[in-house]
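Shown next, in structure tokens, is the structure this report addresses.
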Amino acid sequence: DIQMTQSPASLSASLGETISIECRASEDIYSNLAWYQQKSGKSPQLLIYAANRLQDGVPSRFSGSGSGTQYSLKISGMQPEDEGDYFCLQGSKFPWTFGGGTKLELK
Amino acid sequence: QVKLLQSGAALVKPGASVKMSCKASGYTFTDYWVSWVKQSHGKSLEWIGEIYPNSGATNFNEKFKGKATLTVDKSTSTAYMELSRLTSEDSAIYYCTRSLWDRFDYWGQGVMVTVSS
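Just so you know, the protein sequences line up as chains D and H, in that order.
Okay, so the first sequence: first residue is 5 according to our numbering, each after it adds one.
Okay, so the second sequence: first residue is 9 according to our numbering, each after it adds one.
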């Protein structure tokens with residue numbers, strides 16, 4: 005199985021701060037990488053797919069980048085509504101696997 | 009709009025089975041795979057498997073073969089997952105999702121399964 009190593013496990017950011025979350029795959033996943041946000045008690049919501057494509061309706065302060073085995077999610081200007089857990093997902097090879105998650109809090 | 013409406017929470021005894029449902033609306037049910045995802049301890053996510061409603065074809069995570077059975081009812085646009093021989097390790101939230109080539113774009117609200125005597 006492809007292992008997805010996500011970092012950091014937790015992060016505290018100030019209002020307006022730019023933050024990044026990383027996911028490293030154990031092998032090349034050819035940009036088949038998606039990012040999700042999960043707020044407390046809710047289902048995950050798709051933010052980014054194909055490494056850098058913004059899902060419809062997602063604010064433009066969210067962006068994704070990367071290739072091969074290294075990927076990142078950037079939030080340009082932390083907002084209160086951005087608090088939550090963030091996960092990456094590799095959709096390159098079965099079984100699809102997730103990163104361990106990053107808990108993002110407002111400082 | 010696309011919606012996936014899942015059945016309610018379940019409290020089941022060890023060794024028993026549980027069957028949950030996922031009713032799709034807002035899109036052509038038979039055109040998209042439906043995946044099931046387990047979320048344990050409030051955080052870690054695991055892909056269980058997927059089913060293609062048009063044909064009933066399935067793909068599974070090896071870890072969940074023998075544990076999960078996936079079926080669909082095309083007449084009601086509903087997908088089902090049955091989990092068998094439940095243990096405390098199966099206590100989790102289970103989501104159904106609409107699957108695209110490389111991602112899950114819509115998720116149900118989740119079903120909390122608690123295994124306890």
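Even glycine gets a Cβ: it sits at the ideal position worked out from N, Cα and C.
None of the values given here were measured: they were computed from a predicted structure.
| Check | Outcome |
| --- | --- |
| Between D/ALA17 and chain H, is there a C-beta pair that is closer than 8 angstroms? | no |
| With burial defined as no fewer than 16 other Cβ atoms inside 10 Å of the residue's Cβ, what is the status of H/GLU70: buried or exposed? | exposed |
| Report the neighbours of H/LYS46 on chain D: residues whose CB is nearer than 9 angstroms to its CB, in chain order. | Neighbours of H/LYS46 on chain D: none; closest Cβ ~10 angstroms, over 9 angstroms. |
| Count Cβ pairs between the region 13 to 24 of chain D and the region 66 to 83 of chain D that sit closer than 8 angstroms; are there 3 or more? | yes |
| Just how far apart, CA to CA, sit D/PRO84 and D/ASP32? | 34 angstroms |
| Which residue marks the beginning of the beta strand (DSSP E) containing H/MET28, and which one marks its end? | 26 to 33 |
| At a CB-CB cut-off below 7 angstroms, which residues of chain D make contact with H/LEU53? | PHE91 and PHE102 |
| Residues of chain H with CB under 8 angstroms from D/SER47, in chain order? | TYR103, TRP115, GLY116, GLN117 and GLY118 |
| Pick out whichever of H/LYS11, H/VAL10 and H/LEU19 has its Cα sitting closest to the Cα of H/VAL123. | H/LEU19 |
| Taking 8 angstroms as the CB-CB cut-off, is D/PRO12 touching chain H? | no |
| On a Cα-Cα basis, can you pick out the residue from H/LYS75, H/THR95 and H/SER83 that is closest to H/TRP44? | H/LYS75 |
| Relative to the C-alpha of H/SER25, which candidate in H/PHE112, H/ASP98, H/TYR114 and H/CYS104 has its C-alpha closest? | H/ASP98 |
| Would D/ASP60 be called buried (16 or more neighbouring beta carbons within 10 Å of its own) or exposed? | exposed |
| Can you grab the Cα-Cα spacing for the pair H/CYS104 / D/ALA13, in whole Å? | 25 angstroms |
| Can you list, in chain order, the residues of the region 47 to 74 of chain D whose Cβ is nearer than 8 angstroms to any Cβ on chain H? | SER47, PRO48, GLN49, LEU50, TYR53, ALA54 and GLN59 |
| So, at 6 angstroms on beta carbons, what are the nonlocal neighbours of H/CYS30 in its own chain, with the 5 sequence-adjacent residues on each side left out? | LEU12, GLN14, ALA87, CYS104 and GLY116 |
| Since D/PHE91 sits in a beta bridge, which residues does DSSP pair it with? | D/TYR40 |
| For H/TYR40, which residues from the same chain have a beta carbon less than 6 angstroms from its beta carbon, with the 5 sequence-adjacent residues on both sides left out? | ARG106 |
| Which chain D residues sit within Cβ distance under 9 angstroms of H/ARG106? | None at all; the shortest Cβ gap to chain D is about 10 angstroms. |
| Using a Cβ-Cβ cut-off of 7 angstroms (strictly less than) and excluding sequence neighbours within five positions of H/GLY64, which residues of its own chain qualify? | VAL80 |
| Applying a beta-carbon distance threshold of less than 9 angstroms, which residues of chain H neighbour D/GLY95? | SER107, LEU108, TRP109, ASP110, ARG111 and PHE112 |
| Spatial neighbours of D/ARG65 within its chain, please: C-beta separation below 7 angstroms, excluding the five flanking residues on both sides. | ILE79, SER80 and GLY81 |
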